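In this note's numbering, the protein residues as written are 654 to 989.
Heads up, the beta-carbon is just placed ideally off N, CA and C, and yes, glycines get one too.
Quick caveat, the model's predicted, so the values are computed rather than measured.
Everything below concerns the one structure shown next.
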């Protein structure tokens, strides 16, 4: 890969890629990946075969070059480059540029984890902080809006530790908000009744393991997926435990779940306090627990924002608009 500068005070750069076979992966169908870069960085990219000419403000041109260099490396690893990968690479490259003169700069590549058939990397500075925190803390509370990768990253850590033999099993749980009569009216046996509530967890697992691997591990008990109510009375040792959608727990349920933690186990509690589905007047167990436990040093707390949304750029804008609306209404978020 070669770089040539013109004489306009670094306001443009031309980057070339040695392997032409990788160009469709980098550019995207109908150059859609390049269009995402242009929109996100407010630059112009002119493709000429295996050359790309980048035009714009100096800092943005340099950032675009860094991003394209990383995407080229990703393409060489046979990685699929989607919009989430591009946005994540932009976020990480911004963080690297800011921290270049900082002596405690993170080694972003070292934070990657191998989760089955996927290599998972942080896609924002806050995700870097999250990766670091999960490795150091026994329990982590992770709050934030939809699309920030809360469930996906937690499952990735769990699969990685199971593959490495650091734990014996993964336990994935989620409250079924409409438990009781409404759940009873659903057709099928218990598994068929609760599966719709646990679908996001299944989706994350199937993205990292083959379908047969998931079934085999569920049958052997090394992966257990169960509603929150099934956790009562248990001690969960040598396990990676994930509670998803925890904003829909009551304070009693949350206390019950947190006290299941056994020896050599790690627990991640995910939730989004902007999407509480509990009956009106019922306090969220997530909100209460983060306030009660905020000073416990063994517990980590991370809060994602709309800037960390990697699912789809439109999701980030939707979250931002709802937050503006809630602020106007005076709706506070009283948690770390």
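Express the C-alpha separation of residue j and residue i in angstroms, rounding to a whole number.
i, j, result
"residue 896", "residue 746", "31 Å"
"residue 711", "residue 664", "5 Å"
"residue 680", "residue 865", "33 Å"
"residue 726", "residue 669", "13 Å"
"residue 723", "residue 742", "7 Å"
"residue 754", "residue 719", "With a pLDDT of only 46 at residue 754, under the threshold of 50, the placement of this residue in the model should not be trusted, and no figure is reported."
"residue 736", "residue 909", "39 Å"
"residue 903", "residue 952", "20 Å"
"residue 901", "residue 923", "11 Å"
"residue 961", "residue 691", "19 Å"
"residue 858", "residue 809", "8 Å"
"residue 867", "residue 789", "27 Å"
"residue 698", "residue 740", "17 Å"
"residue 957", "residue 667", "35 Å"
"residue 805", "residue 819", "19 Å"
"residue 689", "residue 945", "43 Å"
"residue 694", "residue 715", "10 Å"
If the criterion is Cβ atoms closer than 7 Å, does the pair residue i and residue j meet it?
i, j, result
"residue 899", "residue 939", "yes"
"residue 913", "residue 931", "no"
"residue 954", "residue 794", "yes"
"residue 892", "residue 826", "no"
"residue 728", "residue 675", "yes"
"residue 786", "residue 920", "no"
"residue 709", "residue 862", "no"
"residue 959", "residue 973", "yes"
"residue 734", "residue 713", "no"
"residue 823", "residue 807", "no"
DSSP three-state label for residue i, please.
i, result
"residue 867", "helix"
"residue 729", "helix"
"residue 910", "helix"
"residue 891", "coil"
"residue 873", "helix"
For residue i, count neighbouring Cβ atoms within 10 angstroms of its own Cβ and tell me buried if that reaches 16, exposed if not.
i, result
"residue 672", "exposed"
"residue 677", "exposed"
"residue 856", "exposed"
"residue 916", "exposed"
"residue 700", "exposed"
"residue 933", "exposed"
"residue 981", "exposed"
"residue 778", "buried"
"residue 948", "exposed"
>> Which complete beta strand (DSSP E) runs does the segment 689-723 hold, if anything under 3 residues is left out?
In response: 697-701, 704-708
> Can you list the beta strand (DSSP E) stretches of 3 or more residues lying completely in the segment 933-980, in chain order?
Replying inline: 952-956
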